[in-house]
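Let me begin by presenting the structure, written as structure tokens, before commenting on it.
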Amino acid sequence: MTVPLPPPRRLIELTVDGAPVRVPEGSTILDACGGADIPTLCYGDTLTPKNACRVCVVEVEGARTLVPACSRKVEAGMVVGTSTERARHSRKVVLELLASSVDLSTTPRAAGWMEEYGARPDRFGTDAATVEQPVKVDNDLYVRDYAKCILCYKCVDACGDQWQNTFAIGVAGRGFDAMISTEYDAPLTDSACVYCGNCVEVCPTGALSFKSEFDMREAGTWDESQQTQTTTICSYCGVGCNLTLHVQENQIVKVSSPHDNPVTHGNLCIKGRFGYQHVQNVRPPSPVRDESLPEPSPDLATGLRP
Amino acid sequence: MDLRFRDAEPSAEERAAVDAVLGAPASSWHGGRRTEEDLRFAAGGHEARERRDLLLPALHAVNDRLGWISEGALDYICRRLTVPPAEAYGVATFYSLLSLKPRPARVLHVCTDLACQARGAEDVRRHVQERLGPPGGSWMPSPCLGLCERAPAALALSAGETPEATVYGPAELAPAASPSNGVPEDGHAPPVLVRREEPAAEFAVPQAGDPSLVLLRRVGVVDPASLDGYRASGGYAALRRAFQLGPLGVVQEITEAGLVGRGGAAFPAGRKWAAVAAQPARPHYLVCNADESEPGTFKDRVLMEGDPYALVEAMTIAAYATGCAKGYLYIRAEYPRATGRLQHAITTARARGLLGDDILGQGFAFDIEIRRGAGAYICGEETAIFNSIEGYRGEPRSKPPFPVEKGLFGMPTVVNNVETLANVLPILLKGGAAYASIGTKGSTGTKLFCVSGSVPRPGVYELPFGASLRELLDLAGGTSPDLRAVLLGGAAGSFVRPDDLDIPLTFEGTRAAGATLGSGVVLVLSGDVDLTRILLRIAEFFRDESCGQCVPCRVGTVRQEEALHRLSRDPNAGDLTLLREVGQTMRDASICGLGQTAWNAVESAIDQLSVFPVTRPVPSSPEAS
């Protein structure tokens, strides 16, 4: 079998933090900054950058404003500063703005970035407006906690034309009141949702979480350090999606798929994502025959009810 | 696309309103009656989705007919256009003039924005609230209605088979019904504001009739409805000249004239035109940005109401020069009279062969379609306007790619402001070089200024670039001795001190003075105007109008308003620092110009006017503030 090679791409030379860098044409500044640790939130490795969160801004010489590293394509001769005073200031304030309005407690790395940039969200005062609201638990598979939503658009993109083409959710409202919503804020069970869970997969803050994870967090038993990850192949159909089973205390607590898998790109369907309970169902003990009862009918043996 | 709809039925009226825009449904696939035939084929794919740009017009149609959009109506529109309901819901909730909740057919929009606030909008608001109750039902406070010369203003929009708009400016409070004057015979509640005939467009042009005017020369002189009048006064000579010059020649003249955009960004129009003309991808689109929403701006309204054919001719020339066959005129929904006059002008021009397949027998085909905004300042941003026309939420796109490369429907697009286009006619008639000799080296031609606030003669003034702010204010009747400040450029502009009135009104002159011309707003604020309230209104405006896409603007505008509220109660250094830090981040890291300029006016008020003098020592811990 021959694999067609993509046409060679021209290399672009630019300067990042004073050092010359050569990357293929069409790369983003983030690609070119390989070594530098630039925080990202709305960037997703499987999605087209939306550059809405602005936490990855860097300074490009000659540009009037800072530019988002996640989406701006490199140009020959660009001079990029990833941690200039100006870029660090914006990142700090963006983190403060987010942390003062959104619950970032389950956002991986957020606490570290806040410390690194010296962000103090409490300086906006105790009466600063937030997006606090009750958790939406309207189905058995996943939970929407929009008090944790930073409006990165990733779930909308994953549900819409970038992956799932289900279009169950969109952004509704405007400005600070904008939020991710089904039409008329209907419960998911009345929406177009097909429970593929691909929105949960891309959510960067834990605003969307599987019901299993949500319940365990509520109970205080969720412990990622105790979890193992095993990648296997979904047995439901012939596509052969890779599944990564997250197991804690011998129970599957979550199912994901590797983002670099050429079949799934991290996406699954409801069966692969949520249809795992049969694997760990404990077989009920064989019934002890009660002599006082009549003979069991043959139907019971096959599990069929008369 | 396998979409799930809501199974809510539209009423007959809603169905008729949508069908009037989209045509009757061809089959049950498009929300029509189901027949035997429908079981034998599938429809609704690309063909229906290609009409996505009709989403906003369809939403408008229902809102105009009933005053609000019900679930059934939204569902029907979604079926007709194959739009997912969640997306359509997102689009409908984006615009402040569309309602998804039942409300009265007649809604009064009371302007509470800057120019009106400087002239007693608060009294109007209080009066209306006393009579009609809390906002949200039959009345709502509104951002700038573009009626600043007649401040305080209000606009009533009535839904119905023939939607009506009533302009109140200046709003006169009507006395309440009393036992003596009784309840009117028709049983309706007495009017809240006194209804008067809307004055003609030239009412806003104190210089009307002055022979030295260039852009405003026909306003008040030529009947805006008459194409013959327009032609008799030199109309369509510029288009003939354009045909002589050829497309490249026109671009050459515009470049030579040094024309720059009048919407606020001052980008060279010639360079924009040349870039689009050179793009091999087809079709090219022309978009005329008539979504004039910068608080205090009303020049485009006056141009469109007073000389609509000029805009039609200028758009035709722009399209000819840049190779566009289709032009969209995106006008804000708060301008019903301008919309009507332009619609009339376009229809007449089309009937007379000045738009259509073969303009003036030159084999050039071009037509204009009017698209109405629905209450969103952000849609005046040059890429948000594309999303709005295409039927998406009016959120700005990230640049690059720039509109000249990938604009409307992903094609090369010229976007120009109304006033910018109006300048094209004198440039072609005089020649680029002659035009460039007017004004200064860096700012050529004449400029329209929207003077409002505490001046005797507010209105649109036309002056060659280079006149000083003082000269302009003298034309408007001079300022009172207790002048406090002048806001240049609108909510996104900056304040000028009373001792700075000699700054030249040019792009370079205002820039050197740390100010901006912006869209030409000159809002005069005398000592009796509460500057803090003006600042709070500016902050509120940006908070309301932020689209919500990027964090610096979405949260930053809220934090800016909160800090200003605290400062207005108790000036303190901590909040000033906070404002500066948030402001700098909005300026540096926001996606579009709205967020980037949301802190300009507040910053200049703090620095130039010392609105929040900090008397107390700097607190040691800013958190405590």
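Going down the list, the sequences are from chains X and D.
Residue numbering for the first sequence follows our numbering, starting at 688 and increasing by one per position.
Residue numbering for the second sequence follows our numbering, starting at 6 and increasing by one per position.
Even glycine gets a Cβ: it sits at the ideal position worked out from N, Cα and C.
Everything numeric in this text was worked out from a predicted model, so none of it was measured.
CB contact check: residue i to chain X, cutoff 9 Å
| i | result |
| --- | --- |
| D:Thr98 | yes |
| D:Gly187 | The predicted model places D:Gly187 with a pLDDT of 48, which falls under 50 and marks its position as unreliable; any figure quoted below should be read in that light. No, D:Gly187 does not count as interfacial toward chain X. |
| D:Val534 | no |
| D:Arg398 | yes |
| D:Gly545 | Correcting the residue type first, residue 545 of chain D is Glu in the shown sequence and not Gly. Output row for D:Glu545: interface = no. |
| D:Ser403 | yes |
| D:Gly214 | no |
| D:Gly192 | Residue confidence is low: D:Gly192 scores 49 on pLDDT, short of 50, so the model does not pin down where it sits. No coordinate-derived value is stated. |
| D:Ala381 | yes |
Beta carbon of residue i nearer than 9 Å to that of residue j
| i | j | result |
| --- | --- | --- |
| X:Ala894 | X:Thr853 | no |
| D:Phe1 | D:Glu567 | The shown model of chain D, from 6 to 630, leaves out residue 1 of chain D, and the question about it has no answer. |
| X:Leu838 | X:Met866 | yes |
| D:Val317 | D:Ile373 | yes |
| D:Arg57 | D:Val26 | no |
| D:Gly561 | D:Leu522 | no |
| D:Ala389 | D:Cys597 | yes |
| D:Leu492 | D:Ala606 | yes |
| D:Tyr382 | D:Leu581 | no |
Minimum Cβ-Cβ distance from residue i to chain D less than 9 Å
| i | result |
| --- | --- |
| X:Tyr871 | yes |
| X:Pro755 | yes |
| X:Asn929 | no |
| X:Gly768 | no |
| X:Tyr833 | no |
| X:Tyr840 | yes |
| X:Asn738 | yes |
| X:Arg697 | no |
Residue i: contacting residues in chain D (beta-carbon distance under 9 Å)
| i | result |
| --- | --- |
| X:Gly860 | Gly95, Thr98, Phe99, Gly553 |
| X:Ser758 | Ser403 |
Proximal residues to residue i (C-beta, below 6 Å), its chain only, five neighbours per side dropped
| i | result |
| --- | --- |
| D:Ala490 | Phe500, Leu530, Leu614 |
| D:Gly187 | In this prediction, D:Gly187 has a pLDDT of 48, which is less than 50 and means its spatial position is unreliable; nothing more can be read from the coordinates. |
| D:Asp312 | Arg223, Val224 |
| D:Ala441 | Ala262, Gly263, Thr449 |
| X:Ala723 | Thr769 |
Residue i: contacting residues in chain D (beta-carbon distance under 7 Å)
| i | result |
| --- | --- |
| X:Val780 | Glu586, Val587, Thr590 |
| X:Leu896 | First, the amino acid is wrong: residue 896 of chain X is Ser here, not Leu. Under the 7 Å cutoff, chain D gives no residues; its nearest Cβ is about 21 Å from X:Ser896. |
| X:Gly857 | Ala91, Glu92, Tyr94, Gly95 |
| X:Ser979 | Per Cβ cutoff of 7 Å: no residues; X:Ser979 is ~53 Å from chain D at best. |
Within chain X, partners of residue i - CB distance below 8 Å
| i | result |
| --- | --- |
| D:Pro557 | Arg741, Ser777, Val780, Val781, Leu784 |
Cβ shell of residue i (< 8 Å), same chain only, five flanking positions each side left out
| i | result |
| --- | --- |
| X:Ile920 | Gly927, Cys928, Asn929, Leu930 |
| X:Pro711 | Arg696, Arg697, Leu698, Ile699 |
| X:Val934 | Gln914, Thr915, Gln916, Thr917, Val940 |
| D:Arg245 | Leu365 |
| D:Leu536 | Arg489, Ala490, Leu530, Ala610, Leu614, Val616 |
Residues that residue i contacts on chain D, provided the C-beta gap is smaller than 8 Å
| i | result |
| --- | --- |
| X:Val744 | Asp593, Ala594 |
| X:Ser788 | Val560, Val563 |
| X:Thr752 | Arg592, Asp593, Ala594, Ser595, Gln601 |
| X:Ala797 | Under the 8 Å cutoff, chain D gives no residues; its nearest Cβ is about 13 Å from X:Ala797. |
| X:Ala816 | Val563, Glu567 |
Within chain X, the residues that residue i reaches when beta carbons sit closer than 7 Å
| i | result |
| --- | --- |
| D:Gly561 | Leu784 |
| D:Asp549 | Gly862 |
| D:Lys130 | At residue 130 of chain D the sequence reads Arg, which differs from the Lys that was named. Residues of chain X passing the Cβ test: none, with the nearest at roughly 21 Å. |
| D:Leu152 | Residues of chain X passing the Cβ test: none, with the nearest at roughly 24 Å. |
| D:Arg634 | Outside the displayed span of chain D (6 to 630) sits residue 634 of chain D, for which this structure offers no information. |
| D:Glu76 | Tyr871 |
Own chain, CB closer than 7 Å to residue i, minus 5 neighbours either side, in chain order
| i | result |
| --- | --- |
| D:Arg11 | Glu76, Asp80, Pro90 |
| D:Gly151 | Glu297, Thr302, Phe303, Arg306, Glu339, Tyr340 |
| D:Glu190 | Any reading at D:Glu190 must be qualified, since the residue scores a pLDDT of 49, below 50, and its modelled position is unreliable; no value is offered. |
| D:Glu632 | Shown here, chain D extends from 6 to 630; a query on residue 632 of chain D therefore has no answer. |
| D:Pro417 | Val281, Gln284, Ala286, His289, Val409, Glu410 |
Validate contact between the stretch 898-914 of chain X and the stretch 744-755 of chain X using beta carbons, cut 8 Å, 3 pairs: no
Is it a yes or a no for the stretch 256-274 of chain D touching the stretch 412-425 of chain D, going by three-plus beta-carbon pairs under 8 Å? yes
Validate contact between the stretch 404-416 of chain D and the stretch 426-439 of chain D using beta carbons, cut 8 Å, 3 pairs: no
With contact counted as at least three CB pairs below 8 Å, one residue from each stretch, are the stretch 163-177 of chain D and the stretch 471-491 of chain D in contact? no
Validate contact between the stretch 158-169 of chain D and the stretch 107-127 of chain D using beta carbons, cut 8 Å, 3 pairs: yes
Contact between the stretch 793-809 of chain X and the stretch 715-722 of chain X (3+ Cβ pairs under 8 Å): no
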